[in-house]
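Protein chains in written order, with my numbering: chain A, 1 to 78; chain B, 1001 to 1078; chain C, 2001 to 2743; chain D, 3001 to 3238. Note that CB positions come from ideal geometry on N, CA and C, so glycine has one too. Model, not experiment: these values are computed from the prediction.
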Amino acid sequence: MKARIYVTLKKGVLDPQGKAIQRSLSHLGFDGVEEVRVGKFMEVRLGAMGREEAEKLLQDACRRLLANTVIEDYRIEL
Amino acid sequence: MKARIYVTLKKGVLDPQGKAIQRSLSHLGFDGVEEVRVGKFMEVRLGAMGREEAEKLLQDACRRLLANTVIEDYRIEL
Amino acid sequence: MREIPVTPELAREHGLSAEEFERIRSILGRDPNITELGIFSVMWSEHCSYKSSRVHLRKFPTKGPRVLQGPGENAGIVDIGDGLAVAFKMESHNHPSYIEPYQGAATGVGGILRDVFTMGARPIALLDSLRFGRTDHPRSRYLVDGVVSGIAGYGNCIGVPTVGGEVYFDECYDGNILVNVFTLGVVRHDRIRRGYASGVGNPVIYVGSKTGRDGIHGATMASEEFDEKSEEKRPTVQVGDPFTEKLLLEACLELMKTDAIVGIQDMGAAGLTSSSFEMASRAGTGFRIDLDRVPQREEGMTPYELMLSESQERMLIVAKKGREREVFEIFEKWDLDVSVIGYVTGDGVGRIRMGGGNVAEIPIAAVTDEAPVYNRPSARPESQDALSRLDFSALPFPSDLSETWKRLMGCAEMADKRWIYRQYDHMIRTNTLVLPGSDAAVLRVKGTRKGIALSVDCNSRYCFLDPYVGGMIAVCESARNVACSGAEPIGLSDCLNFGNPEKPEIMWQFRSAIEGMAKACEAFQVPVVSGNVSFYNETKGKGIHPTPTVAMVGLLEDASVRLVQWFRGEGDLVFLADADRSTVELGGSLYLNEIHGKVEGIPPESDPAHEARLCRFLREAAQRKLLSSAHDLAEGGLACALAESCITRPEGPIGAKIRNPFPESIRADFAMFSENQGRALLSCPPEKKAALLAAAGEFRIKMEELGAVGGTWIEIEGIARLDAQETESSWRGGLAGALGFEG
Amino acid sequence: MTGQAMKIAVLVFPGSNCDHDAYHALKHVLSADARFVWHKEGSLAEFDAAVIPGGFTYGDYLRTGAMAKLSPVMGAVRGFADAGGPVIGICNGFQILLEAGLLPGAMIANESLKFICDYKYIKTETSGTPFTRGIPENAVLRVPIAHYQGNYYADRETLAGLEENGQVVFRYCDAAGNVTPDANPNGSVGNIAGICNASRNVLGMMPHPERCSEAEMGSADGRRLFTSMIQWLKERGR
Ligand SMILES: Nc1ncnc2c1ncn2[C@@H]1O[C@H](COP(=O)(O)OP(=O)(O)O)[C@@H](O)[C@H]1O
Ligand SMILES: [Mg+2]
């Protein structure tokens, strides 16, 4: 089974990388891009298991390792 | 308008991050996770423009800046 | 598995000439299969076999009382006394860095580190010698940013400080950047290890990362000219994993404390192929390996791919039979893959098996010792003559000399390199006594009083105008830089970056540069103990300036006498140490290039015998503690060196006032920026003047008292003056400004 | 000196690389009984203090300090800190303490998105920790930084708490001690360079005191933290 995890910075947390990318784009003439926020995106291959089990496992993995909930939100897609 | 961009490593390209994360998870007892590949995920806010224009603009931005097409693939979601 | 038929065309695509292909067939007594063809092609590539350079490399002096290991191993080793030695080497990663600057530069660092720790040495310092196209070339910004981040990314993570380097920008590198990286490690004599596969029956062990399809054809890529198609070779880019290499480094050094192994070598260019064949060749043995036992990252890899993969962070070990357990325990502790993949045999043949059958069988000596050696034709091109014919008197005189001087101080070549070295951790391991920013970095060797001084140098404009003199100057300048810190030059490594060796004019540049370098080495009695050749730095037929970079290693018996290039304080006297002459040298100078837009003329005369005396004098003066500072004169001549001694101080700028040492008959701009070799700008407290002059006399060095340190103006009396503070800020912002980076 | 030297643990994780530097400063400069402790160890019972050194644990992959916080030894650190033992996390060590929740807040990339290695000035905000008790308040120290992710972040509430309790230990400042935006190398909120926990025995800081513990290295200001800590341990007694 494959799953996807999206980790994004919480609203209000500064995103220096996003800001820098936006600035570079505008230097390059891409004025239409008003804001960029950069997150992480993980593609995960899971062994044989049920949907529910997978969901539980990944929730757990996100909380314990994959996201830092002080500054990040996460979303799991199965 | 909002758009999302997914940047992932090309197939076959080593992903040291993914490798280390997978190993950590397995040390933690998450044996079900067989592989992790880490990518980038960008949320972009665009100024007023049509869909087609946006698509064209982001394609261009990805090729020129957002993705390193030597080792990365990208996908745009509008 | 379907066998790919091996044809002469396929051999040609592998970079093998028709004669080379015939030679392979006669060695084997049959047609090679695809795996064997691959093996020969990488082993006989320019990169691995040095086929075009070997005859000339022999001209370097490589021996000396301190040399414990000369060229031929993964790194050279020089004794520094007290049972300690330093292992060091420089290597290029030019082509990969042009294609993918971050990963190219990063894996360059990874590769050179492995070359040094495979010898048993713990790396304690890195240097980077970089060359990019014009600062305003559309790709330069991207390449500079990527290369510097890549070096930082790898070096910082693994924890080896990058303590110095150099960077130049010139049109000739627009399509061929140079990324040369040097590493030095410290090793106890009894812990030195070498790449020997000795002892029939001993296990061959693979350790490190798993093998993937990375950089297949990387080694041959480094031996091919660039063309439009090179952009399509992209999937061969290797990605560095500094974290894994850090584990590998620690595991290897831990293993080397035992006596469980007989040989070890990193898998660099040509991966498993070069490591296995070279180790067996040095020991005069053979081997049998089974590719099914190689840890693999991807599915369905062919023997060809497994043998040629350039996946990073891997080593090959030959252990003593029966000691496998110890090796396994250490690598497992560090979470690394480890696998016995074969054993040493006595018949001089490399036998490679997979899936139960033989996939390659090649006599070792045929691949290594019998690799082709070419004495390629060389000829001085007639176009050289025109270059030396410049009429200097016709050059316009600058309307404002002070302004010209200031402009030079802020140009990318002279400007502060902090934007680069601030991105490198240059302090980690707490050895860096002199941080980047002076002529040479100085590191302490913990547990002793000793210091190691390091500098990497090459003025490729000189090499372009006269490769012989340019090569000589590269050695002299790096020695002078090291000597200005108070150290004795004890050995060097080089990286010879040139164009296509199949062109006679390139071969002429190459052999001339080597001959010049060798001449200078002999004058200093400094051996070349390691190095690297990078040919085919050409795009669409246009080659780079010949660029033989030299990394000099110096030794201070007592690091507390070390010197820096900046003035210490008010009232110190300023001296010029020089040879006895008053010619002007403007050929290939910074002034000519930057202000008049020309790379022409005859490069400065170089007198290695004088340079060697100057270096001995500098070391002696340091030892007797006669000096407050010492700075070598290079690009920009006396005026720029003076300004540097004033503004590069960490405490902030200070002024100085000196007189012009040249006769009045010489044009003021020429006097200021003349690049005469063999000079150094010194300062000392007034009470040490007599002793300093006496020391100079002992070494027959001409000393001229020029003035004194103090005030807020940097002034050459009657000619020009600069405000120290203002000059400092234009110098400081020059590099980022030229490249359009935020400071 | 009551005879025996203080026993100080220098933790070693895969990818730690300032471990030797911390060890050198403690053992050879301060004559403490420093010992390396592998991250798989489960106890720090025999130690008087613990140092989590800088480096790139697990390559800084995913997030700095994220994977190291899961090592067995971090359980021991928690217990050791709860029992009042002094713990100092330097650079990556600070990041690990944040990830492990032993200190509040998080670290994001430097505003410049560049690694920065340079000497900086920091102002001592409080002498009320075992590590700064020998350093007068407002004293300016010259110390190196070397990091890519030193941009300290905490939400408003957490920040207010830190300020109120005097848990901000160091702030970036200029040579004269002025805390200004120009003196802030990485964008850290409130110019914060180091903080401690509510019980004041756990310190996290981005600058590297172990790199400036000997005059010949350019500054010996960092040594003052270690001498303070050792003195504190001596007075506390075993
Ligand atoms: N690419 C680089 N990486 C690290 N340090 C560098 C680099 N380029 C220059 N430096 C450092 O900046 C200082 C000035 O460099 P440079 O002008 O090339 O010196 P010099 O002319 O004395 O050889 C030196 O200390 C050098 O080590
Ligand atoms: Mg110099």
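Asked: Going along chain C, which residues have a C-beta under 7 Å from B/Ala1020?; Found: Phe2243
Asked: When burial is assigned at 16 or more other CB atoms within 10 Å of the CB, is C/Met2552 buried or exposed?; Found: buried
Asked: Might you give, ordered along the chain, the residues of its own chain that have their beta carbon closer than 8 Å to the beta carbon of B/Lys1010, omitting 5 neighbours on each side?; Found: Ile1071, Glu1072, Asp1073
Asked: With a threshold of 8 Å (Cβ to nearest heavy atom), would C/Ile2420 be considered close to ligand 1?; Found: yes
Asked: Quick one: grab the DSSP three-state call for C/Thr2448.; Found: coil
Asked: Quick check: the Cα distance between A/Pro16 and A/Val36, rounded to an integer number of angstroms?; Found: 10 Å
Asked: Would you verify that the beta carbon of D/Gly3065 is, or is not, closer than 9 Å to some beta carbon of chain C?; Found: no
Asked: Take B/Val1013 and list the residues in its own chain whose beta-carbon comes closer than 7 Å to its own, dropping the five residues that flank it on each side.; Found: Ile1071
Asked: Does the beta carbon of A/Arg45 sit closer than 9 Å to a beta carbon anywhere in chain B?; Found: yes
Asked: Quick check on B/Gln1017: does DSSP put it in helix, strand or coil?; Found: helix
Asked: Would you please verify whether the beta carbon of C/Tyr2102 is less than 9 Å from any beta carbon of chain B?; Found: yes
Asked: Spell out whether any CB of chain C is found under 9 Å from the CB atom of B/Val1036.; Found: no
Asked: What is the residue span of the alpha helix (DSSP H) that C/Asn2593 lies within?; Found: 2590-2596
Asked: Take the Cβ of D/Ser3043 as the centre, count every other Cβ of all protein chains shown within 10 Å, and call the residue buried at 16 or more, exposed below.; Found: exposed
Asked: Would you kindly check if the distance between the Cβ of C/Val2456 and the Cβ of C/Arg2562 is under 9 Å?; Found: no
Asked: C/Asn2431: buried (16+ other C-beta within 10 angstroms of its C-beta) or exposed?; Found: buried
Asked: Using Cβ-Cβ distances below 9 Å, what residues of the segment 1054-1078 of chain B are close to chain C?; Found: Asn1068, Thr1069, Val1070, Ile1071
Asked: Can you give me the Cβ contacts of C/Ala2222 inside the same chain, cut-off strictly under 6 Å, excluding the 5 residues immediately before and after it?; Found: Reliability fails at C/Ala2222, whose pLDDT of 46 lies under 50, so the model's placement of it is uncertain and the value that follows must be treated cautiously. Closer than 6 Å at Cβ, skipping near neighbours: His2047, His2095.
Asked: Mind checking whether D/Val3202 and D/Pro3072 have CB atoms under 9 Å apart?; Found: no
Asked: Excluding five sequence neighbours on each side, which residues of the same chain lie with their C-beta closer than 8 Å to the C-beta of A/Thr69?; Found: Arg63
Asked: Between C/Met2414 and ligand 1, is there a pair consisting of the residue's CB and a ligand heavy atom that are separated by less than 8 Å?; Found: yes
Asked: Under a Cβ-count criterion, where at least 16 other Cβ atoms within 10 Å of its own Cβ denotes burial, should D/Ala3198 be classed as buried or exposed?; Found: exposed
Asked: Helix, strand or coil, according to DSSP, for C/Leu2435 in the structure here?; Found: coil
Asked: Taking only runs of the beta strand (DSSP E) that begin and end inside the segment 2315-2347 of chain C, which ones reach a length of at least 3 residues, in chain order?; Found: 2337-2345
Asked: Between the C-alpha atoms of C/Met2301 and C/Leu2316, what's the straight-line distance to the nearest angstrom?; Found: 19 Å
Asked: Should C/Tyr2142 be flagged as near chain D, meaning a C-beta pair shorter than 9 Å?; Found: no
Asked: Does the Cβ of C/Pro2123 lie closer than 8 Å to at least one heavy atom of ligand 4?; Found: The model depicted lacks ligand 4 and carries ligand 1 and ligand 2 instead.
Asked: Within 8 Å: the Cβ of D/Pro3181 and any heavy atom of ligand 1?; Found: no
Asked: Report the residue from C/Ser2478, C/Pro2467, C/Val2475 whose alpha carbon sits nearest the alpha carbon of C/Arg2511.; Found: C/Pro2467
Asked: Can you look up C/Thr2162 in the DSSP assignment and give me helix, strand or coil?; Found: strand
Asked: Between which residues of its own chain and C/Lys2753 is the CB-CB distance below 7 Å, once the five residues before and five after are set aside?; Found: The structure shown does not extend to residue 2753 of chain C, since chain C is modelled only from 2001 to 2743, so the question has no answer here.
Asked: C/Phe2287 to C/Ala2197, Cα distance in whole Å?; Found: 8 Å
Asked: If I measure Cβ to Cβ from C/Val2239 and keep anything under 6 Å in the same chain, skipping five residues before and after, which residues do I get?; Found: Gln2103
Asked: Would you mind reading off the limits of the alpha helix (DSSP H) that contains B/Phe1030?; Found: That residue, B/Phe1030, is in no alpha helix (DSSP H); it is neither H nor E in DSSP.
Asked: I think D/Gly3065 touches D/Glu3041, with their Cβ atoms under 8 Å apart; what is that distance to the nearest whole Å?; Found: In fact, because the Cβ distance is near 18 Å, the residues do not count as touching under 8 Å.
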